[in-house]
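Participant: Line by line, the protein sequences are chains A and B. According to my numbering, the first sequence is numbered sequentially starting from 517. According to my numbering, the second sequence is numbered sequentially starting from 26. Where a beta carbon is used, it is the ideal one built from N, C-alpha and C, also for glycine.
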Amino acid sequence: MNIFRFLGDLSHLASIFILLHKIQTTRSCRGISFRTQALYVVVFIARYLDLFFRYVSLYNSAMKLFFIASSCYILYLMKIRYRPTHDPSIDTFRVEYLLAPCLILALIFNYKFNFAEVLWSFSIWLEAVAILPQLFMLQRTGEAENITTHYLAALGAYRALYIPNWIYRYFTEGLVDPIAVTAGIVQTGLYLDFFYVYFTKVLQGQKFELPA
Amino acid sequence: DPAVRPKDEL
């Protein structure tokens with residue numbers, strides 16, 4: 517485990533705690549896309565099914581269980597506990613347009629044509645684009661609470677930090693994972709516009725507002 | 026065996 521990966525994982529953990537904190541303290545899931553959160557449940561379950569047949573480390577298993585459990589808990593908070601605060605009329609991105617291409621990509625690009633590996637590849641592609649309903653919603657409302665932008669920044673930083681990790685692993689272990697690398701670059705790329713506004717506005721003490 | 030991915034990443 518190198519420092520980039522570790523920081524990436526910490527950033528991912530932090531993003532979930534920030535999101536939970538936002539929902540609990542404001543007692544609202546306003547500004548959060550249910551569709552994106554539901555896609556993360558699909559991503560984690562599809563990818564971490566290997567919990568049942570592969571043991572890597574305590575760290576690895578604990579993180580996988582945490583990501584599955586926390587993503588399900590967030591859905592519960594959004595759909596049941598704070599349901600009235602969720603406005604489905606602005607959360608309208610068609611997730612079929614993400615699921616179908618990801619399934620096709622997974623069937624074409626995988627390391628072995630079996631159920632678990634195709635599902636793994638599917639989860640990698642789906643994770644890359646799962647943020648789109650959220651970004652689409654942000655685009656529609658044109659603004660966001662600061663705490664929501666911190667959540668998105670931590671979530672975006674997580675996969676961005678995996679990129680130097682992959683470079684490091686290539687040089688130190690000779691490992692290359694073209695599927696994860698390609699999807700990871702796409703995933704990070706989707707955040708570029710957001711990061712620009714986050715760094716130039718939110719971190720300068722201004723409100724997150726997109727130009728009209 | 027063709028390329029295998031590192032199984033330790035999240």
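1) Quick one: does Tyr571/A have its CB under 8 Å from some CB of chain B?
2) Rounded to a whole number of angstroms, what is the C-alpha to C-alpha distance between Phe629/A and Gly721/A?
3) Against chain B, with Cβ distances strictly below 8 Å, would Asn518/A count as a contact?
4) Would you tell me roughly how many angstroms separate the C-alpha atoms of Gly547/A and Met653/A, rounded to the nearest one?
5) I want to verify the contact list: residues of chain B whose CB lies under 8 Å from the CB of Tyr712/A, in sequence order.
6) Residues of chain B with a CB under 9 Å from the CB of Ala696/A: which are they?
7) With a CB to CB cut of under 8 Å and the five nearest residues on each side skipped, what residues in its chain are close to Lys717/A?
8) I'd like to check one pair, Leu642/A with Phe609/A: are the Cβ atoms closer than 8 Å?
9) If we define contact as Cβ-Cβ less than 8 Å, is Lys580/A a contact residue for chain B?
10) Please confirm whether Tyr674/A and Gly524/A have their CB atoms less than 8 Å apart.
11) Would you tell me roughly how many angstroms separate the C-alpha atoms of Val697/A and Ala622/A, rounded to the nearest one?
12) Within the same chain, show all residues whose beta-carbon is closer than 7 Å to that of Asp26/B, passing over the 5 residues directly before and after it, in chain order.
13) Mind pulling the alpha helix (DSSP H) runs of 4 or more residues that sit fully within the segment 635-719 of chain A?
14) Which residue wins for smallest C-alpha separation from Ile683/A, given the options Ile701/A, Ser573/A, Ser531/A and Glu661/A?
15) Going by beta carbon distance, what residues of the same chain come within less than 6 Å of Ala685/A, once the five residues before and after it are set aside?
16) Which residues in the same chain have their Cβ closer than 8 Å to the Cβ of Leu677/A, if we skip the five residues on either side of it in sequence?
17) Using DSSP with H/G/I as helix, E/B as strand and the rest coil, what is Phe629/A?
18) Among residues of its own chain, excluding the 5 on either side of Leu35/B, which ones have a beta-carbon nearer than 6 Å to its beta-carbon?
19) Going by the CB atoms, is the gap between Ser587/A and Phe568/A shorter than 8 Å?
Facilitator: Short version:
1) Judged by the 8 Å Cβ criterion, Tyr571/A is not in contact with chain B.
2) 50 Å
3) no
4) Straight-line Cα distance between these residues: approximately 8 Å.
5) Residues of chain B passing the Cβ test: none, with the nearest at roughly 27 Å.
6) Ordered by position in chain B, the residues that pass the 9 Å Cβ test against Ala696/A are Arg30, Pro31 and Glu34.
7) Lys723, Phe724 and Glu725
8) No, Cβ-Cβ distance for Phe609/A and Leu642/A is not below 8 Å.
9) For Lys580/A, the nearest beta carbon of chain B is closer than 8 Å to its own beta carbon.
10) yes
11) 14 Å
12) Below a pLDDT of 50, predicted positions are generally treated as unreliable, and Asp26/B, at 44, falls in that range; the measurement from the model is reported next regardless. Answer for Asp26/B: no residue qualifies.
13) 648-657, 662-689, 694-706 and 708-716
14) When the alpha-carbon of Ile683/A is set against those of Ile701/A, Ser573/A, Ser531/A and Glu661/A, the nearest one is in Ile701/A.
15) Residue identity differs from the one stated: residue 685/A is Arg in this sequence, not Ala. Within the same chain, Cβ atoms closer than 6 Å to the Cβ of Arg685/A are found at Leu691, the five residues on either side in sequence being excluded.
16) Excluding sequence neighbours, Leu677/A sits near Phe520, Arg521, Leu523, Gly524 and Ser527.
17) coil
18) none
19) Remark: C-beta atoms of Phe568/A and Ser587/A do not approach each other more closely than 8 Å.
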